[in-house]
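Protein chains in written order, with our numbering: chain A, 3 to 247; chain B, 27 to 301.
Each residue gets a CB set at the ideal place from its N, CA and C atoms; glycine is no exception.
Remember, predicted model here, so these are calculated numbers, not experimental data.
A quick write-up on the structure given underneath.
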């Protein structure tokens, strides 16, 4: 579904990604883990063409997207939805407006159908009946759920999650983790989850990729990650900084 | 030895000065290039993408309709004080009947468009930069793009069209209020004959002056909207950047209006010569 080959990205003077190779198969859930600032979100944004690589290739369903102009990326982006770290809700619109927006932009004009699709998406994220609330009236967890509902309302084939549990309390995080898993089963979508939350990684992943110093340092399933004897991997899983008091 | 040291010091200072000037010139050229690209992308979007008329109407209300108060007050008081000052000077040489003509021609050809431009740059330009800048730093623009919507089509095109539509009307409103208030002050307060005032004003004001005012309004609209959209779209560094974007939009738009107005006055005088 999505493939990156020898992906390099330099931001300012810093080379954030230095030769990432990754393949996401259809229906699979890959979790990309790594320390804050390791380039996970940068990698994710390449999957949908929000960032252009300095070097390397990004293929979505076999089609290279790195060199495509912004206008031609529209069709690709309809197949791949993304949940942003902050939810990125349009603050000039209420929840219903936010969810109806992608449907309206896709050319749907039947108000009843739009309302039904919005209600269905909200029900999937356990926010049924919250259509009239404005983004400022929502908690952090609710914003992420509405953001997720906006992503799934247009039924994409692949969903990208950028730090879905960052900034949430443990109960809300657990709830989002279950939601991701439930959506995978219900919608049969391909998913890429970027996180540094190991609970999210172990709960949602079919495969885990550990991004370290701009490269995929480890790739394998959750058991393989836990069993790894590599000290770099173990330090990350156990949350050991190596600093002392 | 000392002479050699002072010579190398002067050379070092000159090098630093040229380097600084070069850097300023390069960043100015880069800024103009970015602005030109934004204009080109917007013009392209107007032809290849569908126009969102609902957003256009919303922006007309926001930019045009809601700017009326500030424009009317500016025009009214400027016209009134301009009539009074002109009268104080002309009265000494017995030419007070020419006050109407001076107020009218000056407001149409210079003051009306420039003052409206400056007021709209302050009100609308700042709002555009702040709104788009906030959307940029909160990833709302990325969200738009991720949903397959081009940011220029959605954010820039409706604002550009709304500004081009609204500004000439705001200029007309400003000038009309200025002339009316000048007339009131001139005839009711300062005692100029109504018949002379109107006669002189009509004699010296022609359609060329109206065309000049509207053309300037249109050009200033383009300046304000592109400068402000560019500032918004290039906002960085979170809240600090969002705070800086409107300030820079207003400063750059205002300076651009004043500078462009000088050259525009000479250029338009060829097509619409002063009567």
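Pick from 58/A, 234/A and 192/A: whose alpha carbon is nearest that of residue 28/A?
Of the candidates 58/A, 234/A and 192/A, the one whose C-alpha sits nearest the C-alpha of residue 28/A is 192/A.
Residue 57/B - DSSP class collapsed to helix/strand/coil
helix
Buried or exposed: which applies to residue 199/A, given that a residue is buried once 16 or more other Cβ atoms fall within 10 Å of its Cβ?
With at least 16 other beta carbons inside 10 angstroms of its own, residue 199/A counts as buried.
Quick one: Cα of residue 110/B to Cα of residue 209/B, how far?
Rounded to whole angstroms, residue 110/B and residue 209/B show a C-alpha spacing of 10 Å.
Using a cut-off of 7 Å between C-beta atoms, extract the partners of residue 175/B located in chain A.
107
For residue 274/B and residue 203/A, the rounded distance between their alpha carbons:
44 Å
Could you tell me the distance, in whole angstroms, from the CA atom of residue 255/B to the CA atom of residue 214/B?
45 Å
Backbone CA spacing between residue 243/A and residue 220/A [nearest angstrom]:
19 Å
Measuring straight from C-alpha to C-alpha, what distance separates residue 190/B and residue 247/B?
Distance between residue 190/B and residue 247/B, taken at the CA atoms: about 6 Å.
Does residue 4/A come out as helix, strand or coil in the three-state DSSP assignment?
strand
What are the partner residues of residue 206/A, as DSSP defines its beta bridges?
DSSP output for residue 206/A lists no bridge partner at all.
Chain C contacts from the segment 188-220 of chain A (Cβ-Cβ distance under 8 Å)
Of the chains in the structure shown, none is chain C; the protein chains are A and B.
Members of the segment 161-175 of chain B near chain A, C-beta cut-off 7 Å
Along the segment 161-175 of chain B, the positions whose C-beta sits under 7 Å from a C-beta of chain A are 164, 165, 166, 168, 169, 171, 172, 173, 174 and 175, read in chain order.
Count the other CB atoms, across all protein chains shown, that sit within 10 Å of the CB of residue 297/B; report buried if there are 16 or more and exposed otherwise.
Under this definition residue 297/B is an exposed residue.
Could you tell me whether the Cβ of residue 50/A comes closer than 9 Å to any Cβ of chain B?
yes
Could you work out which residues of chain B lie near residue 72/A, taking near to mean beta carbons separated by less than 7 Å?
The contacting residues are 176.
Count the other C-beta atoms from every protein chain shown that fall within 10 angstroms of the C-beta of residue 197/A, then say buried if there are 16 or more, exposed otherwise.
So residue 197/A counts as buried.
Quick one: grab the DSSP three-state call for residue 244/A.
coil
Beta strand (DSSP E) segments (min. 3 residues) lying fully within the segment 111-182 of chain A
160-164
Applying the 10 Å Cβ sphere with the 16-neighbour rule, what's the burial state of residue 166/A?
buried
Can you grab the Cα-Cα spacing for the pair residue 183/A / residue 78/B, in whole Å?
38 Å
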